Amino acid sequence: MTNRVVASHSIARRAFLAAAVFALVAAGWAVVVLVGGGSWWGPLHAFLAGTVLLAISGASQMFTITWAAAPPPQARLTSTQRWLLACGAAAVLAGVTATVEPLVWAGAAAIVLSLGALSVSIVGAVRKSLLRRFDLSARFYLAAFACGAVGMTLGAVLGTGSAGSGFDRLRLVHSHLNLVGLVGFTIIGTIPTFMPTVAHHRAVSGREALVAWWLCVTGGLAMASGLVAPAWSVGAGTVLTGAAAATMVVGITVRLWSRGRHELQFLQVGMGVMWLVVWALVDGVTLIGGGSAVPFGRWTAAAVLAGVGQVLAGSLAYLLPVLLGPPLTDNLRRMTAHPWLPLAAANLGGMLVVGGWRLPAIVTLAVWIGDFARRLALVVAGSRRGGD
């Protein structure tokens, strides 16, 4: 058991370190766009394809090994998967920016291969497990990686200028399969176990997960059908996935509210998911009603920052103290003290983004990011002292 835990922590730690590099790239790129203008494509994709996907890579394997009580995959497999993903994301970012088509194709192929390797890792761990409690979550992961593989392939077509007259249709399906399918399905599959964990309660049982699974399967197929079907099918798939997320997080919150401890991690993950639910309803209903999705629009920005960002921040507030080692209790306290500040900054920032208040939104979100960096620095310093 000790070797299994150590191995799972090592996988997550290395993936999170690579994710941090892309987070710095995304932040620096965002500053450049704010100061000098330009497209938000770069910061958005550096964050989602780099930071978020690498975090998903490390966390999904750690969770599967830990919660399924499964043996770790071979180190060569996890290392190859991580490097394929990191190098692929870097190649796509560089290739699209510099308009080098072969680099874009190579990068996208590397990311798709990394998702395949990640699927092999998850399936191998689950098959060797003596416990079946994590099987459904693993299904969510595999469905997410399938959406991501299709979405990344479509992204390569778009990034190389090969879409032709079908550009708008491909971009619509690409963005939804990646944000709703790849990121959304992963979050939905993780929260039934993760939210009880951060609430210091055993995993809850219920029909929410099974209902959410079939909603996600139907939603994923509907979004993918947008390649040949009208745009409203993508909207319908988005609404179904939003309903799956709402069913899951509301059901879990109701079951845990009177029994668990609701610290920063629990609240940020829950509120982040609800931001994604609201975005899914707004975006999906717009498409169903005949409207068009606005690329890099206000609602999408809010969903990425206040939605995905809060889920990521809440997850890391629990996982980083665990991965960095003793003193665990003190480090968890450092990450969760004064929870009103990050909660207020993240959610107010999201509302300001939606409202179009650019400068107040930038300041508020900068306060949130600075607060997270400060907490992380305290945890790192505390771990070093604890290890002396």
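Numbering (the working numbering), first residue to last: 52 to 439.
Glycine is no exception: its CB is placed at the ideal position from the N, C-alpha and C atoms.
Bear in mind that the values here come from a model prediction, so they are computed numbers and not experimental data.
Kindly list the residues whose CB is nearer than 6 Å to the CB of residue i, restricted to its own chain and excluding five residues on each side of it in sequence; keep chain order.
{"i": "I173", "result": "T115, A189 and Y192"}
{"i": "Q316", "result": "V249, G365, A368 and Y369"}
{"i": "T117", "result": "S59"}
{"i": "G286", "result": "G335, L338 and I339"}
{"i": "F98", "result": "A77"}
{"i": "P393", "result": "W419 and D422"}
{"i": "S343", "result": "none"}
{"i": "A74", "result": "T102"}
{"i": "T129", "result": "I62"}
Quick one: Cα of residue i to Cα of residue j, how far?
{"i": "Q125", "j": "A395", "result": "42 Å"}
{"i": "D439", "j": "P377", "result": "Because the pLDDT of D439 is 48, which lies under 50, any placement of that residue in the model is unreliable, and the number read from its coordinates should be weighed accordingly. Their backbone Cα atoms lie some 10 Å apart in a straight line."}
{"i": "L200", "j": "A100", "result": "Position check: residue 200 holds Ala in this sequence, whereas Leu was assumed. So the two alpha carbons sit approximately 12 Å from each other."}
{"i": "E152", "j": "V224", "result": "21 Å"}
{"i": "A428", "j": "D381", "result": "13 Å"}
{"i": "G206", "j": "L154", "result": "13 Å"}
{"i": "R55", "j": "R65", "result": "16 Å"}
{"i": "V163", "j": "A63", "result": "20 Å"}
{"i": "G158", "j": "V305", "result": "43 Å"}
{"i": "M203", "j": "V414", "result": "32 Å"}
{"i": "L235", "j": "L166", "result": "The amino acid at residue 235 is misidentified as Leu; the sequence shows Gly. Using only the alpha carbons, I get a separation of about 15 Å."}
{"i": "L144", "j": "A354", "result": "21 Å"}
{"i": "P123", "j": "G88", "result": "45 Å"}
{"i": "V359", "j": "A297", "result": "15 Å"}
{"i": "L383", "j": "M402", "result": "28 Å"}
{"i": "G433", "j": "S61", "result": "19 Å"}
{"i": "R426", "j": "L371", "result": "11 Å"}
{"i": "A352", "j": "V345", "result": "11 Å"}
{"i": "V333", "j": "A275", "result": "19 Å"}
{"i": "N229", "j": "L363", "result": "16 Å"}
{"i": "D219", "j": "V57", "result": "46 Å"}
Report, in whole angstroms, the separation of the C-beta atoms of residue i and residue j, which I expect to be a contact under 8 Å.
{"i": "L318", "j": "P390", "result": "7 Å"}
{"i": "M246", "j": "L307", "result": "7 Å"}
{"i": "G139", "j": "A161", "result": "3 Å"}
{"i": "L375", "j": "V431", "result": "7 Å"}
{"i": "S111", "j": "L169", "result": "7 Å"}
Can you give me the Cβ contacts of residue i inside the same chain, cut-off strictly under 7 Å, excluding the 5 residues immediately before and after it?
{"i": "S180", "result": "A119, A120 and A121"}
{"i": "T241", "result": "F114 and S188"}
{"i": "W80", "result": "G93, P94 and A97"}
{"i": "M299", "result": "I239, I242, P243, E259, A260 and A263"}
{"i": "A69", "result": "L105, R133 and A137"}
{"i": "L221", "result": "L205, V208, L209 and A214"}
{"i": "A194", "result": "F236, C267, V268 and G271"}
{"i": "W283", "result": "L338 and I339"}
Does at least one heavy atom of the ligand GTP sit under 6 Å from the Cβ of residue i?
{"i": "A287", "result": "In terms of ligand content, the structure shown is empty, and the ligand GTP therefore cannot be addressed."}
Near residue i, what residues of its chain come up, given a Cβ to Cβ distance below 8 Å and the 5 sequence neighbours on each side ignored?
{"i": "L272", "result": "G288"}
Worksheet item: What residue ranges within the region 179 to 220 form continuous alpha helix (DSSP H) runs of no fewer than 4 residues, ordered along the chain?
Response: Runs of the alpha helix (DSSP H) inside the region 179 to 220: 186 to 210.
Worksheet entry | Within the region 280 to 357, ranges of the alpha helix (DSSP H) (whole runs, at least 4 residues) | If we require 4 residues or more, the alpha helix (DSSP H) runs fully inside the region 280 to 357 come out as 283 to 307, 315 to 339 and 349 to 353.
Worksheet item: Can you list the beta strand (DSSP E) stretches of 3 or more residues lying completely in the region 90 to 168, in chain order?
Response: Entirely contained in the region 90 to 168, not one beta strand (DSSP E) run reaches 3 residues.
Discussion item. List, from N- to C-terminal side, the alpha helix (DSSP H) runs of 4 residues or more that fit wholly inside the region 218 to 249.
Written reply: Taking only runs of at least 4 residues, the alpha helix (DSSP H) segments lying wholly in the region 218 to 249 are 218 to 227 and 236 to 249.
Worksheet entry | Continuous alpha helix (DSSP H) assignments of at least 4 residues falling wholly in the region 363 to 433 | If we require 4 residues or more, the alpha helix (DSSP H) runs fully inside the region 363 to 433 come out as 379 to 387 and 391 to 406.
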